Amino acid sequence: DGVFPVYHDILAFLTRFVTHFAAPGFFLLMGVGMFLFARSRSERGWSRWAIVRHFLIRGLLLMVLQVLVVNRAWELSLQGWDVTIYIG
C-alpha cells in the first residue's frame, strides 16, 4: 500500500473522485454570485459600502444561525424515534 487509497471497484473510485469537485465548485459559484449581486446593486445605485455592509450582515447572520440552530441540532438525541415520525 502506498500513499494513495486502493479502490477495488469503479463505483467507489468515481464517488470519491466526483466529490473532490464539490467544495471548489461551491466556492466558484459563491464568488460568481457575489460578483453578480455586487454588479446588479451597483447598477441600481448602491454604494460600495452598502454592498460590503450587506455581505457583512449576511455573513454574521449565517454564523449566528450556525451556532444557534445547526450546532444545537447535532446535539439532539434520536433514540426511541420511529422512522414514521420523519415520513409523516
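Residue numbers (the numbering used here): 21 to 108.
The C-beta atom is built at its ideal place from N, Cα and C for all residues, glycine as well.
If you're wondering where the values come from, they're calculated on a predicted model, not measured in any experiment.
| query | result |
| --- | --- |
| Length of the line joining the Cα atoms of R78 and R92 | 20 Å |
| Where H40 sits in the DSSP three-state scheme | coil |
| Where W66 falls: helix, strand or coil (DSSP) | coil |
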